[in-house]
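Numbering (full-length UniProt numbering), first residue to last: 1 to 237. Cβ coordinates follow ideal geometry from the N, Cα and C atoms, glycine included. Values in this document were obtained by computation on a predicted structure and should not be read as measured data.
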């Protein structure tokens with residue numbers, strides 16, 4: 001019983017707005033936000049180590065400020081009001097990490113979600129909900145590191161391959177379709193587009209290919225890229 005009381009007393013004294021409390025909370029933001037940011041930075045994402053720390057710490061300060069106003073000023077203000085604004089305001093940073101291309105390829109969604117999660121973790125740290133903050137950090141790291149292998153496992157077995165490619169002229173399209181069929185695939189969708197390269201007589205093609213699930217998508221892209229007339233190719237979502 002005494003141990004439980006001591007533990008409650010210890011943790012209770014670290015959930016306020018005194019200097020030791022603030023120091024611990026900011027340090028925890030560096031650890032939690034930094035762990036998520038390190039993984040994103042290692043993947044070459046624009047929002048990396050420092051960005052995630054700043055987002056997490058900024059959210060923490062917002063929550064601490066709300067708590068401070070509630071505790072030290074004679075007001076009936078909601079201490080969670082500033083935190084709610086962080087949740088909605090973090091959207092502009094998330095939008096900045098998402099890149100969309102003419103070929104409908106979208107990148108950066110995981111990083112945007114990580115920034116939003118880092119902000120939520122910062123709010124939890126700011127109010128002193130350390131258990132949730134640490135637990136959420138563990139879950140985020142498991143999701144973006146370990147679960148990526150699960151995602152890749154099912155991706156390599158997906159029967160659908162979407163690509164955007166450019167050819168020197170429309171005359172090479174028949175050879176493209178013939179090569180696809182010869183390699184155990186079939187075209188289930190094709191859309192001609194204006195080529196991004198701007199080359200004269202060139203044609204852009206958005207292609208949906210039903211592939212042999214035993215073949216790796218990288219191998220399939222290599223097969224298509226070697227077709228005569230293909231000048232550019234990339235996979236799309």
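Assignment of beta-bridge partners to residue 190 by DSSP yields 207. Across the set 94, 125, 36, 31, the C-alpha of 94 shows the shortest separation from the C-alpha of residue 116. In the three-state scheme derived from DSSP, where H, G and I count as helix and E and B as strand, residue 167 is classed as strand. The three-state secondary structure of residue 230, taken from DSSP, is strand. Counting only runs of 4 or more residues that sit fully inside the segment 113-172, the alpha helix (DSSP H) segments are 130-141, 147-155, in chain order. Shortest Cα-Cα distance from residue 185 to any of 218, 58, 66, 159 involves 159. For residue 18, no alpha helix (DSSP H) segment is defined, and its DSSP state is neither H nor E.
For the set 143, 182, 191, 181, the Cα lying nearest the Cα of residue 163 is the one of 191. Rounded to the nearest whole angstrom, the C-alpha separation of residue 166 and residue 124 is 49 Å.
In this structure, 32 is the residue among 66, 221, 32, 198 with its C-alpha nearest to the C-alpha of residue 54. Taking C-beta atoms under 8 Å as the contact rule, residue 69 and residue 119 fail to qualify, at a distance of about 20 Å. In this structure, residue 28 lies near residue 133, with their beta-carbon atoms less than 9 Å apart. Between the C-alpha atoms of residue 161 and residue 198 there is a straight-line separation of about 25 Å. Distance from the Cα of residue 39 is smallest, within the candidate group 20, 200, 145, for 145.
168 is the residue among 221, 168, 220, 206 whose C-alpha sits nearest the C-alpha of residue 228. Classified as buried, residue 62 has 16 or more neighbouring CB atoms from the shown chains inside 10 Å of its CB.
Here the alpha carbons of residue 108 and residue 45 stand approximately 8 Å from one another.
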